[in-house]
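Right, one structure below, let's go through it.
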Amino acid sequence: MKKVRTIQVGASIFEENDSVARANMQVLKERGVFCVNVMGSPGSGKTTLLERSVRALLDKGIRTAVIEGDINGSLDGERLAVLGIPVVQVNTGGACHMDANMVRKGMEMLGPDKMDILFIENVGNLVCPAEFRLGEDVSVIVSSVPEGEEKPLKYPLMFRISSLCILNKSDLLEFTGFKIERFREYLFESASGIDLILLSARTGEGMNGWMDFLARGMDKKKSPRIVVAGMGDRMKGDDGAGCEVVEMLKKERLDGNVSVIDAGNAIENYLGVISKMKPGRVIIIDAVDFGGRPGDARFLDAASLVENTSSTHTFSLPLIIEHIRRETGAECLILGIQPERISFSHEISLPARQGVSKAVGMIREIISKP
Ligand SMILES: Nc1nc2c(ncn2[C@@H]2O[C@H](COP(=O)(O)OP(=O)(O)OP(=O)(O)O)[C@@H](O)[C@H]2O)c(=O)[nH]1
Ligand SMILES: [Mg+2]
Numbered sequence: 250m251k252k253v254r255t256i257q258v259g260a261s262i263f264e265e266n267d268s269v270a271r272a273n274m275q276v277l278k279e280r281g282v283f284c285v286n287v288m289g290s291p292g293s294g295k296t297t298l299l300e301r302s303v304r305a306l307l308d309k310g311i312r313t314a315v316i317e318g319d320i321n322g323s324l325d326g327e328r329l330a331v332l333g334i335p336v337v338q339v340n341t342g343g344a345c346h347m348d349a350n351m352v353r354k355g356m357e358m359l360g361p362d363k364m365d366i367l368f369i370e371n372v373g374n375l376v377c378p379a380e381f382r383l384g385e386d387v388s389v390i391v392s393s394v395p396e397g398e399e400k401p402l403k404y405p406l407m408f409r410i411s412s413l414c415i416l417n418k419s420d421l422l423e424f425t426g427f428k429i430e431r432f433r434e435y436l437f438e439s440a441s442g443i444d445l446i447l448l449s450a451r452t453g454e455g456m457n458g459w460m461d462f463l464a465r466g467m468d469k470k471k472s473p474r475i476v477v478a479g480m481g482d483r484m485k486g487d488d489g490a491g492c493e494v495v496e497m498l499k500k501e502r503l504d505g506n507v508s509v510i511d512a513g514n515a516i517e518n519y520l521g522v523i524s525k526m527k528p529g530r531v532i533i534i535d536a537v538d539f540g541g542r543p544g545d546a547r548f549l550d551a552a553s554l555v556e557n558t559s560s561t562h563t564f565s566l567p568l569i570i571e572h573i574r575r576e577t578g579a580e581c582l583i584l585g586i587q588p589e590r591i592s593f594s595h596e597i598s599l600p601a602r603q604g605v606s607k608a609v610g611m612i613r614e615i616i617s618k619p
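Letter by letter, the sequence shown follows residues 250 to 619 of my numbering.
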């Protein structure tokens, strides 16, 4: 019987897109540009918000540029270009979202123009733009009062992947019967960690909160890079726990200044890569027998680690830490997960899996702190 061969078209499209998005992110990082992906339904007020924002930021001496995405035409691009900032209008030719390649081309057209913030106005749509990373530091969803309260429930992904929801057209609240508490409830049900700002791009209400959000983002961009490296041998049961943590983190939308590396059982091969990133902080995650209960996860002091603590490694973790510290001056943390069993041809154990989830939460917390 012949084997059926399967092509995962969707997966490869997303992988290709993600790799271009990572390259965009790297270029923006090198240039110190904070990049904001602005999404929302057609007519929610994205361009109006950008017009007001660009003016307010210019008054503060902050330089902006915009890559404007529309299926057709250059109306929005022209509205922004009259403000005297660099604008590239991208026509997606029917596609209902921007992708990383479009942004790459847009960035090439903007050239070496000096800017502090790059706004990308995505195509008006509450579905497809959520699937495509562009290289942005943050995504912002602009919802608006006339759309009704239930949008976060009906289009949860868009809200879940966004750091901030701007509820625009607040000046229309009194005419529409819109229930702000109901919106809040639906929003946090779909996206528990999201921030919410009530704003009117027409009257300017709420602009201060939005400006603060942008200022915090710009500050964070300048803060030191964090490298998270998972290590271990996936063939040896719980020894692969560090790599599992990294695998989970890779699926999340992490901040632009966080890099995640799966170093497998050869972290010594990644020392050059880590040094090149000039990190301010390096977190190494590994299965370590520190005498805890299987599945415990805790930060460990490098000095207290005995050589080959987790027995399977052919090198000394304290020496690796010492090398990274010397080469980069970075603060080094070791996040240990207590294994239940480290042996060939065993799956990762249930307690170690729980340790992986705990470790992911601990990393998230560290990353989110300024
Ligand atoms: N009342 C009110 N109207 C607004 C506000 N913001 C935008 N509008 C109006 O909403 C309409 C759509 O605004 P745009 O800024 O073009 O919306 P958009 O999200 O960029 O639309 P697309 O690019 O087509 O997806 C325009 O008539 C704006 O004047 C607001 O805060 N209050
Ligand atoms: Mg627009």
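Just so it is clear, CB atoms sit at the ideal spot from N, CA and C, and this is done for glycine as well.
query = Does the Cβ of Ala270 lie closer than 8 Å to at least one heavy atom of ligand 1?
reply = Walking along the sequence shown from the start, residue 270 turns up at place 21. Not under cutoff, so the answer is no.
query = Would you say Ile534 and Ile586 are within 9 Å of each other, going by their C-beta atoms?
reply = Numbered from 1 along the sequence shown, position 285 holds the residue referred to as residue 534. Numbered from 1 along the sequence shown, position 337 holds the residue referred to as residue 586. Cβ distance < 9 Å, so Ile534 and Ile586 count as in contact.
ask   = Is any heavy atom of ligand 1 found at a distance shorter than 8 Å from the C-beta of Val285?
value = Numbered from 1 along the sequence shown, position 36 holds the residue referred to as residue 285. No, the beta carbon of Val285 sits no closer than 8 Å to any heavy atom of ligand 1.
Inter-residue spacing [alpha-carbon to alpha-carbon] between Asp267 and Leu383 = The residue you call residue 267 lines up with position 18 of the sequence shown. The residue you call residue 383 lines up with position 134 of the sequence shown. About 8 Å.
request  = Would you give the residue range spanned by the alpha helix (DSSP H) that Leu436 belongs to?
outcome  = On the sequence shown, position 187 is the one that residue 436 refers to. It spans 429 to 439 - the alpha helix (DSSP H) in which Leu436 sits, taken as one unbroken run.
query = Does at least one heavy atom of ligand 2 sit under 8 Å from the Cβ of Gly373?
reply = For the purposes of this step, residue 373 is taken as the residue at position 124 of the sequence shown. Checking every heavy atom of ligand 2 against the Cβ of Gly373, one is found closer than 8 Å.
ask   = Any chance the stretch 447 to 461 sits against the stretch 497 to 505, with 3 or more Cβ pairs inside 8 Å?
value = no
key: Leu332 beta carbon less than 9 Å from that of Val303   = On the sequence shown, residue 303 is found 54 positions in, with the first residue counted as 1. On the sequence shown, residue 332 is found 83 positions in, with the first residue counted as 1. In this structure, Leu332 lies closer than 9 Å to Val303 by Cβ.
query = For Leu350 versus Ile320, is the C-beta spacing smaller than 9 Å?
reply = The count along the sequence shown starts at 1 and reaches residue 350 at position 101. The count along the sequence shown starts at 1 and reaches residue 320 at position 71. Correcting the residue type first, residue 350 is Asn in the shown sequence and not Leu. Their beta carbons are not under 9 Å apart, which means Asn350 does not touch Ile320 by this criterion.
ask   = For Leu332, does the three-state DSSP call read helix, strand or coil?
value = For the purposes of this step, residue 332 is identified with residue 83 of the sequence shown, where counting begins at 1. The answer is coil: DSSP assigns Leu332 none of H, G, I, E or B.
request  = Quick one: using the 10 Å Cβ neighbour count with 16 as the cut-off for buried, is Val337 buried or exposed?
outcome  = Within the sequence shown, the letter at position 88 stands for residue 337. Under this definition Val337 is a buried residue.
ask   = Gly360 to Val282, Cα distance in whole Å?
value = Translated into the one-based positions of the sequence shown, residue 360 becomes position 111. Translated into the one-based positions of the sequence shown, residue 282 becomes position 33. Cα to Cα, Gly360 sits roughly 13 Å from Val282.
query = For Thr296, is the beta carbon positioned less than 8 Å from some heavy atom of ligand 2?
reply = Position 47 of the sequence shown, counted from the start, is the residue given in the question as residue 296. It does: the Cβ of Thr296 is within 8 Å (strictly closer) of some heavy atom of ligand 2.
request  = Drop a sphere of 10 angstroms on the beta-carbon of Ala512, count the other beta-carbons inside from all chains shown, and report buried for 16 or more, exposed for fewer.
outcome  = Taking the sequence shown and counting its residues from 1, one reaches residue 512 at position 263. Ala512 comes out buried.
request  = Tell me whether Glu370 counts as near ligand 2, meaning its Cβ is closer than 8 Å to at least one heavy atom of that ligand.
outcome  = The sequence position of residue 370 within the sequence shown is 121, counting from 1. Relative to ligand 2, the nearest heavy atom lies less than 8 Å away from the CB of Glu370.
query = Gly318 bridges to which residues according to DSSP?
reply = The sequence position of residue 318 within the sequence shown is 69, counting from 1. In DSSP, Gly318 forms a bridge with Val339.
query = What do you reckon, is the C-beta of Asp319 under 8 Å from a heavy atom of ligand 2?
reply = Translated into the one-based positions of the sequence shown, residue 319 becomes position 70. It does: the Cβ of Asp319 is within 8 Å (strictly closer) of some heavy atom of ligand 2.
query = Just how far apart, CA to CA, sit Phe462 and Leu584?
reply = Within the sequence shown, residue 462 is the residue found at index 213, counting from 1. Within the sequence shown, residue 584 is the residue found at index 335, counting from 1. One C-alpha to the other measures close to 31 Å.
key: Residue range of the beta strand (DSSP E) that includes Val507   = Position 258 of the sequence shown, counted from the first residue, corresponds to residue 507. Taken as a continuous stretch (DSSP letters only), the beta strand (DSSP E) holding Val507 covers 507 to 513.
Delimiting residues of the alpha helix (DSSP H) encompassing Phe462 = Here residue 462 corresponds to residue number 213 of the sequence shown, with the count starting at 1. From DSSP, the alpha helix (DSSP H) with Phe462 extends over 456 to 471.
inquiry  = Going by C-alpha to C-alpha distance, which of Asp488, Glu517, Gly479, Cys581 sits closest to Val622?
reply    = Nothing about residue 622 can be read from this structure; the chain reaches only from 250 to 619.
query = Which residue comes first and which comes last in the alpha helix (DSSP H) that contains Arg575?
reply = Looking up residue 575 in the sequence shown gives position 326. 566 to 577 is the extent of the alpha helix (DSSP H) around Arg575.
query = Beta carbon of Ser508: closer than 8 Å to some heavy atom of ligand 1?
reply = Sequence index remark: in the sequence shown, residue 508 carries index 259 (1-based). It does not: the Cβ of Ser508 is nowhere closer than 8 Å to a heavy atom of ligand 1.
message = Can you list, in chain order, the residues of its chain with a C-beta nearer than 7 Å to that of Glu370? Leave out the 5 residues immediately preceding and following it.
response = To locate residue 370, count along the sequence shown from 1; it is residue 121. Cβ neighbours of Glu370 beyond the five flanking positions: Val287, Lys295, Thr296, Leu299, Val315, Glu317, Gly318, Asp325.
query = Is the CB-CB distance between Thr452 and Pro528 below 9 Å?
reply = On the sequence shown, residue 452 is found 203 positions in, with the first residue counted as 1. On the sequence shown, residue 528 is found 279 positions in, with the first residue counted as 1. Thr452 is not a Cβ neighbour of Pro528, given a cutoff of 9 Å.
Reduced DSSP secondary structure (H/G/I, E/B, other) of Leu582 = By one-based count along the sequence shown, residue 582 stands at place 333. Strand.
ask   = Which same chain residues, not among the five before or five after Ser560, have their C-beta less than 8 Å away from its C-beta?
value = Indexing the sequence shown from 1 puts residue 560 at position 311. Reliability fails at Ser560, whose pLDDT of 43 lies under 50, so the model's placement of it is uncertain and no value is given.
task = Quick one: measure Cβ to Cβ for Lys469 and Asp444, integer angstroms, because I've assumed they're closer than 8 Å.
result = What you label residue 469 is simply residue 220 of the sequence shown in a count that begins at 1. What you label residue 444 is simply residue 195 of the sequence shown in a count that begins at 1. 14 Å between Cβ atoms; not a contact.
inquiry  = For a test of your reading of the model: does the CB of Val391 fall under 8 Å from any non-hydrogen atom of ligand 1? Yes or no.
reply    = Start at 1 with the first residue of the sequence shown, and residue 391 comes out as number 142. Flag set: Cβ of Val391 near ligand 1.
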